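Worksheet for the structure shown next.
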Amino acid sequence: MRIAIDMDEVLADAHAGQRRLYRDLGFDPTDEDLRGCELRDKAPAEMAAEVERRLHTGLFFADLDPVPGAQDALRRLRAEHDVFVASAAMEYPASCVHKVAWMERHFPDFPISNLVFCGDKSILRADVLIDDHAHHFEGFAGKGLLFSALHNHGHDWPDRLAHWDDCDVRLGEISA
Ligand SMILES: [Mg+2]
Numbered sequence: 076m077r078i079a080i081d082m083d084e085v086l087a088d089a090h091a092g093q094r095r096l097y098r099d100l101g102f103d104p105t106d107e108d109l110r111g112c113e114l115r116d117k118a119p120a121e122m123a124a125e126v127e128r129r130l131h132t133g134l135f136f137a138d139l140d141p142v143p144g145a146q147d148a149l150r151r152l153r154a155e156h157d158v159f160v161a162s163a164a165m166e167y168p169a170s171c172v173h174k175v176a177w178m179e180r181h182f183p184d185f186p187i188s189n190l191v192f193c194g195d196k197s198i199l200r201a202d203v204l205i206d207d208h209a210h211h212f213e214g215f216a217g218k219g220l221l222f223s224a225l226h227n228h229g230h231d232w233p234d235r236l237a238h239w240d241d242c243d244v245r246l247g248e249i250s251a
């Protein structure tokens with residue numbers, strides 16, 4: 076199968092990174108506070124604007140930790156499938172160079188030719204798209220596999236990947 080995988084909150088722990096930014100500004104919600112919503116929707120508007128400004132510098136994306144299990148999972152998936160990493164990086168154009176460097180640092184075996192930066196993910200042609208935002212599945216011809224995140228908690232979507240440890244079983248079911 077050809078599998079496309081999102082970066083932020085799927086491979087790169089952008090949620091933890093944003094929580095650090097908000098904590099530095101004085102906003103420190105609990106996981107319970109954040110179920111089913113985005114940090115920016117809970118934070119005071121001026122803090123959300125400041126975080127957005129920092130995201131637009133691009134540097135934020137250079138310093139994220141990998142999501143637990145993502146490195147091993149990508150290695151395993153690449154042994155069996157045609158794997159692309161697809162990020163809607165146009166949301167933060169200055170992030171592109173940092174995202175390339177981040178992939179090279181944390182996924183050194185991953186071929187950079189299989190890294191795709193786009194806006195609208197309906198342009199992707201793959202059998203499966205693993206993403207934490209279900210709106211990216213609109214217009215996508217393959218199967219959308221929703222990677223669980225606090226913000227999509229409670230979102231009604233038929234196919235989920237709760238964490239990377241489950242990916243072999245879930246993708247095996249899809250390809251069967
Ligand atoms: Mg994402």
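For the sequence shown, the numbering used here assigns the number 251 to the last residue and increments by one with no breaks. Note that the Cβ used here is the ideal one computed from N, Cα and C, for glycine as well. Fair warning: this is a prediction, and the values are worked out from it, not measured in the lab.
Q: Starting from the Cα of residue 162, find the closest Cα among 233, 177, 153 and give me that residue.
A: 177
Q.
For the structure I just gave you, are there three or more beta carbon pairs, one from the region 135 to 145 and one from the region 86 to 97, closer than 8 Å?
A. yes
Q. Among 160, 204, 82, 125, which residue has its Cα nearest to the Cα of residue 99?
A. 125
Q | residue 192 and residue 206 closer than 9 Å at C-beta | A | no
Q. Do you know offhand how far residue 80's Cα is from residue 169's?
A. For the pair residue 80 and residue 169, the Cα-to-Cα distance works out to about 20 Å.
Q: Under 5 Å from any heavy atom of ligand 1, by CB: list those residues in chain order, please.
A: 81, 83, 84, 207
Q: Return the chain-ordered list of same chain residues with a C-beta closer than 6 Å to the C-beta of residue 123, the five sequence neighbours on each side being excluded.
A: 115
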